[in-house]
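Numbering (the numbering used here), first residue to last: 2 to 438.
C-beta: ideal position from N, C-alpha, C; glycine also.
What you are looking at is a predicted structure, and each value in this text was computed from that prediction instead of being measured.
Only one structure is covered here, and it is reproduced in the block below.
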Ligand code: S3P
């Protein structure tokens, strides 16, 4: 789908917005709900394409799941109760569904085949299958990628060190450990998002996390009890409006009920560090911190960001490029090679697309650098999402301050994580949602 973008916004963004539910927590709610005994109820579930891939996969494995709007009810089948369907499970575009399910299926009964779309089929899966082999898992990849075939087996406990800083890989290993007899230990390279650990504790698992958040000890075969989960707003969706309101002069918006888990707030911290103006009112609900954010426009200065900061800002790094393009001075992002294996090569995609708007991005193997406040002309008004939701949304924000018409190819990719993104942006910009062709 081609979309006309909002450009030349003079009046800033105004109003209050509740962003949709957290993607990571929505996936995990379905998964733990299925593995628990009894009923789990999710409120504010994210009904985006990725989370619906997870929901459908568990239905295909015999789990009864009812959904009315953003309310989901799951009748758990217990730790080993999933059934192998007679067809492949469709992972769609979702890396989280695929990688976490690999850990879950390692200890089930039967043979499961996972397939995905063209983008997902290019992404590395051996980063999951290799450490899962330490638990005795029996997984065949296709040259390290999808399609993947998992033959369930009696997995055993293990002590493993992660080779990549990835919450998806960590969570897959936690799910394998859950199904093994005895105590497993999972050691992280850097702390990554901990929604799996928090939710497992809430469901009754015996799981301990070290003070530095890098070591997880987990006793296998607990009985998980179904829970009611209030899914907070997704920080990674709120991020787009935090950046838009910071950059467009005259803006003043409030974002309600945004998840503030510290493993996810890297962008909030970074905007403050660059001179941004965000007031936070925080509280805790259901084991996850959340709060309201008031964001007003500000003049920014450049920053440097390295490997240690990357996990808490991983999905927001395309937005960091946009912040850097408007800040005074040269910003450097390094230690972010993971960006090259996301839904697309995000370093290449952002350099190419921002380049069309006259913003010079210098690529590094593991990041980029950008000198802000350049005054070059638009070179090509036809932007492209590269089929990547986060690249598409970032470009829609880049357009706001460009004074000529721009189009976005592949705009429908936003449905992967934020189906109503364009409508929400139009509302805060006080514009009609632009026509699509
Ligand atoms: C996710 C973890 C991150 C993130 C992805 C969601 C999760 O991926 O980029 O959007 O829900 O665990 P990695 O763990 O591969 O960095």
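Leaving aside the five residues before and after residue 429 along the sequence, list all residues of the same chain whose C-beta is less than 7 angstroms from its C-beta, in chain order.
The beta carbon of residue 429 sits closer than 7 angstroms to the beta carbons of 14, 15, 16, 18, 242 and 254 from its chain, once the five residues preceding and following it are set aside; these are given in chain order.
Do residue 1 and residue 302 have their CB atoms nearer than 7 angstroms?
Here the chain comprises residues numbered 2 to 438, so residue 1 is not present and cannot be evaluated.
Could you check what DSSP says for residue 88 in three-state terms: helix, strand or coil?
When secondary structure is reduced to three states using DSSP, residue 88 falls in the coil class, being assigned neither helix nor strand.
Does the Cβ of residue 283 have 16 or more other Cβ atoms within 10 Å, making it buried, or fewer, making it exposed?
Answer is exposed; the Cβ neighbour count stays below 16.
Looking at the secondary structure, which residues open and close the beta strand (DSSP E) in which residue 257 lies?
Looking at the DSSP string, the run of the beta strand (DSSP E) that includes residue 257 is 253–260.
Please return the same chain residues whose Cβ sits closer than 8 angstroms to the Cβ of residue 273, not counting the five positions on each side in sequence.
Taken in chain order, the residues that qualify are 279.
Whether or not the stretch 184–203 and the stretch 142–155 are in contact is what I'm after, with contact meaning three or more pairs of Cβ atoms, one per stretch, closer than 8 angstroms; do they touch?
No, they do not touch.
Closest residue to residue 441 among 275, 412 and 199 (Cα-Cα distance):
Lying outside 2 to 438, the shown extent of the chain, residue 441 is not represented and no answer is given.
For residue 23, which residues from the same chain have a beta carbon less than 6 angstroms from its beta carbon, with the 5 sequence-adjacent residues on both sides left out?
Cβ-Cβ distances below 6 angstroms link residue 23 to 232, 233, 235 and 260 in the same chain, with the five nearest sequence neighbours on each side left out; the list follows chain order.
Simplified DSSP state of residue 444, which is helix, strand or coil:
No answer is possible for residue 444: it lies beyond the span of the chain, which begins at 2 and ends at 438.
My understanding is that residue 25 touches residue 54, with C-beta atoms under 8 angstroms, so please give their C-beta distance in whole angstroms.
At roughly 14 angstroms, the Cβ-Cβ gap does not stay under 8 angstroms, so residue 25 and residue 54 are not in contact.
Please report the straight-line C-alpha distance between residue 384 and residue 416, rounded to a whole angstrom.
Residue 384 and residue 416 have their C-alpha atoms roughly 18 angstroms apart.
Return the residue from the list 351, 99, 413 and 133 that minimises the CA-CA distance to residue 117.
It is 99.
Residue 146 lies in the alpha helix (DSSP H); which residues open and close that run?
Residue 146 -> not in any alpha helix (DSSP H); beta strand (DSSP E) instead, spanning 146–152.
Should residue 381 go down as buried or exposed, given a rule of 16 or more other Cβ atoms within 10 Å for buried?
Residue 381 should be labelled exposed.
Is residue 123 near ligand 1, judged by its Cβ being under 6 angstroms from some heavy atom?
Not so, every heavy atom of ligand 1 lies at least 6 angstroms from the Cβ.
In DSSP terms, what residue 385 is bridged to:
Looking at the DSSP assignment, residue 385 forms a beta bridge with 410.
Does ligand 1 have a heavy atom nearer than 6 angstroms to the CB of residue 118?
No, Cβ of residue 118 sits at least 6 angstroms from all heavy atoms of ligand 1.
Measure the beta-carbon distance from residue 32 to residue 115 and round it to whole angstroms, keeping in mind my assumption that it falls under 8 angstroms.
With a beta-carbon spacing of about 14 angstroms, residue 32 and residue 115 fall beyond the 8 angstroms limit used to define contacts.
What is the residue span of the alpha helix (DSSP H) that residue 196 lies within?
Run containing residue 196: 196–203, per the alpha helix (DSSP H) assignment.
Distance CB(residue 267)-CB(residue 326) smaller than 7 angstroms:
No, the Cβ-Cβ distance between residue 267 and residue 326 is not below 7 angstroms.
Is any non-hydrogen atom of ligand 1 found closer than 6 angstroms to the C-beta of residue 97, if you look at the structure I gave you?
Checking the 6 angstroms criterion, the Cβ of residue 97 is within range of a heavy atom belonging to ligand 1.
Does ligand 1 have a heavy atom nearer than 6 angstroms to the CB of residue 314?
No, the beta carbon of residue 314 sits no closer than 6 angstroms to any heavy atom of ligand 1.
Can you tell me which of the three DSSP states residue 393 falls into?
Helix.
Cβ pair count under 8 angstroms reaching 3, the stretch 59–68 against the stretch 82–97
Judged by Cβ distances under 8 angstroms, the stretch 59–68 makes contact with the stretch 82–97, as three or more pairs qualify.
Throw me the rounded Cβ distance for the residue 156 and residue 137 pair, which I believe falls under 8 angstroms.
With a Cβ gap of about 5 angstroms, residue 156 and residue 137 count as contacting.
Do the CB positions of residue 6 and residue 407 come within less than 7 angstroms of each other?
With contacts defined by Cβ atoms closer than 7 angstroms, residue 6 and residue 407 form a contacting pair.
Would DSSP call residue 73 helix, strand or coil?
Residue state, collapsed to three classes: strand.
Short check: CB of residue 362 to CB of residue 377, under 7 angstroms?
Note that the C-beta distance between residue 362 and residue 377 is not below 7 angstroms.
Any non-hydrogen atom of ligand 1 closer than 6 angstroms to residue 168 Cβ:
For ligand 1, at least one heavy atom lies less than 6 angstroms from the Cβ of residue 168.
For a test of your reading of the model: does the CB of residue 386 fall under 6 angstroms from any non-hydrogen atom of ligand 1? Yes or no.
Not so, every heavy atom of ligand 1 lies at least 6 angstroms from the Cβ.
What does a CB cutoff of less than 6 angstroms around residue 130 pick up in its chain, not counting 5 residues either side in sequence?
If you ignore the 5 residues before and after residue 130, its C-beta comes within less than 6 angstroms of the C-beta of 140 and 142, all in its own chain and listed in chain order.
Using C-beta distances below 7 angstroms, list every residue in its chain close to residue 399, excluding the 5 sequence neighbours before and after it, in chain order.
The beta carbon of residue 399 lies closer than 7 angstroms to those of 323, 355 and 358 in the same chain, with the five residues before and after it left out.
Please work out which residues of its chain come closer than 8 angstroms, Cβ to Cβ, to residue 288, disregarding the five sequence neighbours upstream and downstream, and give them in chain order.
Correct list, in chain order: 199, 200, 202 and 203.
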